[in-house]
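Here the structure comes first, spelled out in structure tokens, and everything after it is commentary.
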Amino acid sequence: MKRRHLLASAAVVAGLAFPAMADDPTKAGFIYIGPVGDHGWTFTHDQAREALEEHFGDAVETSYVENVNYGPDAERIMTQMALSGTDIIFATSFGYGPDVNNVAARFPDVAFEHATGYIQEADNVSLYNARFYEGRAVIGHIAGKMTETNTIGYIASFPIPEVIMGINSAYLHAKAVNPDVEFRVVWVYSWYDPAQEAAAAEALIEQGADILMQHTDSTAPVTVAQDQGIFAFGQASDMTAFAPESHLTAILDVWDPYYIDRVQAVMDGTWEAGDIWHGIVDGMVGFAPMNDAIPEDIRAEAEEMIAAISAGEYHPFTGPINRQDGSAWLAEGETAPDGDLLTMDFYVEGMTGEVPN
Amino acid sequence: MTGAELSSIALAPLIAALMIAATPIMLAAIGELVVEKSGVLNLGVEGMMITGAVCGFVFAVQTSNPYLAMLGAAAGAAVLALVFALLTQVLMANQVASGLALTLFGLGLSALIGQGYVGIQPPRTPKLDIPVLSDLPFLGRAVFSHDYMVYLSLALVGAVWYFLKYTRAGLILRAVGENHDAAHALGYRVRRVRILAIAFGGACAGLGGAYLSLIRVPQWTEGMTAGAGWIALALVVFASWRPWRVVLGAYLFGGILVLQLTLQVVGVRIPVEYLAMSPYLITILVLVIMSSGRARASLAAPGSLNRPFFASG
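Protein chains in written order, with this note's numbering: chain E, 295 to 651; chain W, 14 to 326.
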């Protein structure tokens, strides 16, 4: 049921006995949680894979497998990649953590890169992540300024720190410019389920939301927004084509520079496991072109915020911030430590509803 | 759960959403009802639905005609259903095993066919704007503001009801399903009736799947039916093989799906996982009940359901 875009496996297994020769192309393998055509998360990783091929030409050979489930499936496919002489494997979803570490332990000579992960048990496992909350702060600001019903709809995937910090960041910045703003969150328990995401979008609009945000990967919510004449923010890639009037902007995932950098390191023999969390300033978080529907002054404020975050002058989580239950989290002027963000399991003060377990 | 939160739910849009959510499972279920009435249990509904979803999508993209695409979806799924007919009616394979295989096959086949169609937008099906009716204060929004398939599916249920109850062909189909030996002795072509019923069931499931990929979402994704076929199967038993009860059951199941999201939006704390699980729990329960002989009789299941027919003499 899952499509496998692997090289012919027989030919591949035959190659495992011979270590890569000096002028062999460097092999980079990718495993994806969704389909490459999702126009969201997986799409952006695949774009970066294509950028790799363009950048290195014949010096690199890439392969990918899409729709890979967490667990045994992922482990089997990464093992197969490692056996077939892949030099560097990019596992591009949070849930691959245990699988990456299991396989990495067995193949110490293969470099493993795990996106948005936190488990690093072997010294050939590298972690990389983007500070998407920086982008969410900007769209939160735009949404807070532009909403007329003071209700923002938020389609969330799973209640994990990554998603919760995104909600909090957007909410804090909407609230800062619009004290009456309210966030309605729907959890769809999937990264990619167009039917469910569309239904969630409709439910949110019925309950008064006039701007939608999503932390799921399909274009279904922006399509619904377009149909119903409200605004929405795209996810991961520019989704303007799916909602020309409604798509205000999107937080872009830009992996190209990092992937090129890491593959280059493998070629040079200088690859070392790292743990990076890059933001707007490093170019890992970007924005789709802003829609003309955003008034000039609001766009200018958004640009200003982007510049301030880039320059390191502003951190989206700057105190005073309380937790939802009223207890203090950040004191006046204090910025959130990364550790707090990466384990965030609470809403900030003012949010309604509860984080599901 | 407080009254204030619940009272903020507007009823008209909720009913509207519920009708849309119910349509694909209703289409698939009414088709399966005819199949089971003829004495065949086809567990491949999910596979036929997803095949219909992808066939409809491919047709829509290629022809830019969403109406023609519906026919393509029905045809594609009917062809798949005929594979099941070949296995169970000609080669006398086990129906349960063949049906399950059909589902797995359909999921894989659809993924293969749909490879080049992920992330593409199909031509849109407009919502009907019925003069006068669509402007009614409450009913206009709730009932009369949908696409044509919503009404077509209800009409189809009505047609199936009429067919089974009042036509000679419907009587023959029921006779074949109740007691195939007796029907055979009377000179009816048991196998032919069943093959036609299976093809019809496939076509209906295909329409249900295409409703998802062309109207509901509209997009193609692997596995996008996400269990709707299994719900349709349970629905037939839930409706105890009566067409109008299929409508009731579809609205009930569709209602659970929609209400779950709406309750989340208004901030009612609900165990989402359990609610999302409920249609499948009911399905399992129903299948367990169906497998016991006495319960089966009390549910008014067709007498020859899931019994292989060997023409004798």
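The beta-carbon is built from N, C-alpha and C at its ideal position, and this holds for glycine as well.
In this text the structure is predicted, and so the values were computed from the model without any measurement.
The C-beta distance from L542(E) to I524(E) rounds to 10 Å, too long to fall under 8 Å, and the pair is not in contact. In this structure, A82(W) lies near A73(W), with their beta-carbon atoms less than 8 Å apart. Contact annotation, A239(W) with A582(E): C-beta distance approximately 29 Å; criterion of less than 8 Å not satisfied. Under DSSP, V480(E) shares a beta bridge with I449(E).
In the three-state DSSP reduction, G606(E) falls in the coil class, being neither helix nor strand. Contact between P453(E) and T637(E) does not hold, since their C-beta atoms are separated by about 13 Å, which reaches or exceeds 8 Å. In the three-state reduction of the DSSP assignment, Y175(W) falls in the helix class. The DSSP-derived three-state label of N107(W) is coil. Sorting G328(E), P329(E), L346(E) and T336(E) by C-alpha distance to the C-alpha of M561(E) places L346(E) at the top. DSSP places H467(E) within a helical segment (H, G or I) once states are collapsed to three. Residues of chain W with a Cβ closer than 7 Å to the Cβ of G528(E) do not exist, since the nearest Cβ in that chain sits about 13 Å away.
For the stretch 380–415 of chain E, the continuous alpha helix (DSSP H) assignments of 4+ residues that do not extend past its boundaries occur at 391–400, in sequence order. V642(E) has R617(E) as its beta-bridge partners, per DSSP. At a Cβ-Cβ threshold of 8 Å, Y264(W) and A35(W) count as neighbours.
At a cut-off of 8 Å between beta carbons, T510(E) makes no contact with chain W. G331(E) reaches chain W at V131 and G132, counting residues in chain order whose Cβ is nearer than 7 Å.
Listed in chain order, the alpha helix (DSSP H) runs fully inside the stretch 235–259 of chain W are 241–251, counting runs of at least 4 residues. Nearest CB-CB separation between R229(W) and chain E: below the 8 Å threshold.
Here Y390(E) really is in contact with I325(E); their C-beta atoms are around 7 Å apart, less than 8 Å.
H572(E) carries a strand assignment under DSSP once its states are collapsed to helix, strand and coil.
Residue pairing by DSSP places G580(E) opposite L546(E) in a beta bridge.
Cβ-Cβ separation between L318(W) and E49(W): approximately 6 Å, consistent with a contact (criterion under 8 Å). When DSSP states are grouped into helix, strand and coil, E442(E) belongs to the coil group. Contact between V131(W) and P329(E) holds: their C-beta atoms lie close to 5 Å from each other, under 8 Å.
Bridge pairing for S420(E): E407(E) [DSSP].
Contact annotation: in the stretch 235–255 of chain W, residues whose CB is within less than 9 Å of a CB in chain E are E235, G236, M237, T238, A239 and A241.
Not a single C-beta of chain E is nearer than 8 Å to the C-beta of R154(W). Judged by their CB atoms, I38(W) and L248(W) are nearer to each other than the 8 Å cut-off. Taking 8 Å as the cut-off, the beta carbon of V397(E) is found no closer than this to the beta carbon of H435(E). When DSSP states are grouped into helix, strand and coil, I325(E) belongs to the strand group.
For W549(E), no chain W residue has a Cβ inside 9 Å of its Cβ, as the nearest lies near 18 Å away. Sequence-distant partners of R430(E) (beyond 5 residues in either direction) whose C-beta falls short of 6 Å from its own C-beta, in its chain, are G460, S463 and A464. Comparing C-alpha distances from G129(W) to each of L24(W), L270(W) and V71(W) shows the shortest one belongs to V71(W). Taking C-alpha positions only, S77(W) is separated from G69(W) by approximately 11 Å.
Against chain W, the beta carbon of E496(E) has neighbours under 7 Å at A30, listed in chain order. DSSP, reduced to helix, strand and coil, places A503(E) outside both helices and strands of the structure shown, so it counts as coil.
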